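*Asks:* In my numbering, the protein residues as written are 377 to 545.
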Ligand code: FES
Ligand code: FES
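Shown next, in the form of structure tokens:
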């Protein structure tokens, strides 16, 4: 009999009862009750289901849960702790700076794209703390917002970059 499936999510090993070919998104939302990632297109086209796998964005709607392997998954809910670990902050902030920036800029309308915009933006800022407008545009290209908030998402990411630059370890 195969070993029971388990994945590491937001710093915890979580047993999974779903079949190995179940999309990671369904496991996160239905079994683990993590509702940050959202179902949008189901075809890796919109980004609403994005999570980080070892710090790299993946589309959980098209990733079979068994394909996660030993990679550590971070969802929207785990972003503050993920950020704190990078920066050596203890305790972690209540929100990742980009989550805070989305609040401060009131960037979103319906909020459906918020998960993917935040996860992808957080990945960008971890790898490139001072992104140019062109960097942001290029990175966020695969994340769709049906409400057309792109200019304000740009502002939020720029604000978060400034906040991170001023953050004390
Ligand atoms: S729901 Fe996964 S990319 Fe659209
Ligand atoms: S704010 Fe509505 S989809 Fe982006």
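Even for Gly, the Cβ is constructed at its ideal location relative to N, Cα and C.
None of the values given here were measured: they were computed from a predicted structure.
#1: Report buried or exposed for residue 433, applying the criterion of at least 16 other Cβ atoms within 10 angstroms of its Cβ.
#2: Note down, in chain order, each residue of its chain lying with its Cβ closer than 6 Å to the Cβ of residue 492, except the 5 sequence neighbours on either side.
#3: What distance in whole Å lies between the Cβ atoms of residue 439 and residue 399, which are believed to be in contact at a cut-off of 8 Å?
#4: From this set, 516, 542, 483, which residue's C-alpha is nearest residue 523's C-alpha?
#5: Which same chain residues, not among the five before or five after residue 391, have their C-beta less than 8 Å away from its C-beta?
#6: Rounded to whole angstroms, how far is the Cβ of residue 410 from the Cβ of residue 451, which I believe are closer than 8 Å?
#7: By the DSSP assignment, the beta strand (DSSP E) with residue 394 in it spans what residues?
#8: Answer yes or no: the CB of residue 522 versus the heavy atoms of ligand 2, is any distance below 7 Å?
#9: With 16 as the cutoff for other CB atoms within 10 Å, does residue 496 come out buried or exposed?
#10: Which residue from 479, 455, 454, 428 puts its Cα closest to that of residue 444?
#11: Which partner residues of residue 429 appear in the DSSP bridge assignment?
#12: For residue 435, is the beta carbon positioned less than 7 Å from some heavy atom of ligand 1?
#13: Contact criterion: CB-CB distance below 8 Å. Does residue 507 meet it with respect to chain C?
#14: DSSP state of residue 565, grouped into three classes?
#15: Between residue 487 and ligand 2, is the CB less than 7 Å from at least one heavy atom?
*Replies:* The answer reads as follows:
#1: Its Cβ being crowded by 16 or more others within 10 Å, residue 433 is buried.
#2: Taken in chain order, the residues that qualify are 423, 424, 426, 519.
#3: That pair is a contact at about 7 Å.
#4: Closest by alpha carbon: 483.
#5: Only 380, 381, 382 meet the Cβ criterion.
#6: Going by Cβ atoms, the distance from residue 410 to residue 451 rounds to 5 Å, so yes, they are a contact pair.
#7: Unbroken run through residue 394: none, as it is neither H nor E.
#8: Yes, the beta carbon of residue 522 sits closer than 7 Å to at least one heavy atom of ligand 2.
#9: Per the 10 Å Cβ criterion, buried.
#10: The residue with the shortest Cα to Cα distance from residue 444 is 428.
#11: Paired residues: 432, 449.
#12: The answer is yes for residue 435.
#13: This model lacks chain C altogether; it includes just one protein chain.
#14: Because the chain here runs from 377 to 545, residue 565 falls outside it and cannot be looked at.
#15: True, at least one ligand heavy atom lies under 7 Å from that Cβ.
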